[in-house]
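Single-structure report; data block below.
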Amino acid sequence: MEEIQKHLFELQDIKYRDFHSRLMPDTDKETVIGIRVPVLRKYAKSIAGTELEDRFIDELPHQYYEENNLHMMLVTWIKDYDKCLSEVERFLPYIDNWATCDFPAPKCFEKHKEELLPVIKRWIASGETYTIRYGIGMLMRLYLDADFDPEYVKLVAEVKSDEYYVNMMIAWYMATALAKQWDAVIPYIEEHRMSDWVHRKTIQKAVESYRITDEQKRYLKGYR
Numbered sequence: 001m002e003e004i005q006k007h008l009f010e011l012q013d014i015k016y017r018d019f020h021s022r023l024m025p026d027t028d029k030e031t032v033i034g035i036r037v038p039v040l041r042k043y044a045k046s047i048a049g050t051e052l053e054d055r056f057i058d059e060l061p062h063q064y065y066e067e068n069n070l071h072m073m074l075v076t077w078i079k080d081y082d083k084c085l086s087e088v089e090r091f092l093p094y095i096d097n098w099a100t101c102d103f104p105a106p107k108c109f110e111k112h113k114e115e116l117l118p119v120i121k122r123w124i125a126s127g128e129t130y131t132i133r134y135g136i137g138m139l140m141r142l143y144l145d146a147d148f149d150p151e152y153v154k155l156v157a158e159v160k161s162d163e164y165y166v167n168m169m170i171a172w173y174m175a176t177a178l179a180k181q182w183d184a185v186i187p188y189i190e191e192h193r194m195s196d197w198v199h200r201k202t203i204q205k206a207v208e209s210y211r212i213t214d215e216q217k218r219y220l221k222g223y224r
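Mapping to the working numbering: the sequence shown position 62 is 62, numbers consecutive.
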């Protein structure tokens, strides 16, 4: 939408664009406007709940990276679960980078975990890089505390992919799970149940985590 694009370019920070583009080597720099997240969030709040928001969300695909981030922000704020889930599913095929994929879980998902779980499993089995990554991300954000089940760790550990951004998310999930559910997760390290790359990356990320104790870090280093 020209109206939104025009406003986004008014928020442009060229130096930030150059910096942030280096963090996304697979994304064409020409599709990055360069808007800091707090600035984009403020703009998102200014159009949330308006007709402009509805028109923008209806229009896919978008041209710019920040338009995709704006879209994800607006969708994650939808309070109605069915509508939010529908919009997430409609948008997932258009996600083409890790940053857009890794936005926080929609608030309404937290109240519908039981019915969301089969959907997450379908995402993880989709074969699509960022759909898989999003599904694993939801398991990490929503199901590692009171709603944890060891079967979820098994589900993630058994994902086989040649995609860097999928394997990075597996390692991120496993490292976070080690911090929160050590006893259930450590056998996956001890028995080397994942690929060499994911195994090593999981240990690296766990050792770098402030949520892992020094004793646990020493133990993990023995399995590098």
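We treat Cβ as the ideally placed atom computed from N, Cα and C, and that holds for glycine.
None of the values given here were measured: they were computed from a predicted structure.
| Query | Result |
| --- | --- |
| Using the beta-carbon count (16 or more within 10 Å), is residue 50 buried or exposed? | exposed |
| Residue 99: which of 27, 4, 181 sits nearest, CA to CA? | 27 |
| What did DSSP end up calling residue 97 once you bin it into helix, strand or coil? | coil |
| Once you ignore the five residues that flank residue 48 on each side, which residues in its own chain have a CB closer than 7 Å to its CB? | 74, 77 |
| Which word fits residue 146, buried or exposed, when buried means at least 16 other C-beta atoms lie within 10 angstroms of its C-beta? | exposed |
| Closer than 8 Å is the cut-off here; do at least three beta carbon pairs connect the stretch 122-135 with the stretch 61-73? | no |
| For residue 14, which residues in the same chain have their Cβ closer than 8 Å to its Cβ, ignoring the five residues on either side in sequence? | 34 |
| Relative to the alpha-carbon of residue 166, which residue among 152, 59, 101 has its alpha-carbon at the smallest distance? | 101 |
| Do three or more CB pairs link the stretch 52-62 to the stretch 80-94 at distances below 8 Å? | yes |
| Does the separation of the CB atoms of residue 171 and residue 207 fall below 8 Å? | no |
| Between residue 182 and residue 141, what straight-line distance do the alpha-carbon atoms span, to the nearest angstrom? | 16 Å |
| Measuring only the C-alpha atoms, how far is residue 107 from residue 186? | 30 Å |
| Return the chain-ordered list of same chain residues with a C-beta closer than 8 Å to the C-beta of residue 80, the five sequence neighbours on each side being excluded. | 108 |
| Go ahead and pull the three-state DSSP assignment for residue 48. | coil |
| Quick one: Cα of residue 155 to Cα of residue 2, how far? | 43 Å |
| Looking at the secondary structure, which residues open and close the alpha helix (DSSP H) in which residue 24 lies? | Segment: none, residue 24 is in no alpha helix (DSSP H) and carries neither H nor E. |
| Below 6 Å CB to CB, which residues in the same chain sit around residue 11 once its five sequence neighbours on both sides are set aside? | 35, 39 |
| Can you tell me whether residue 164 is buried or exposed, with buried defined as 16 or more other CB within 10 angstroms of its CB? | exposed |
| Going along the chain, which residues of its own chain have a beta-carbon closer than 6 Å to the beta-carbon of residue 148, five neighbours each way excluded? | 181 |
| Take residue 19 as the anchor and find which of 212, 32, 216 has the nearest alpha-carbon. | 32 |
| When the Cα atoms are used, what is the spatial distance from residue 85 to residue 173? | 22 Å |
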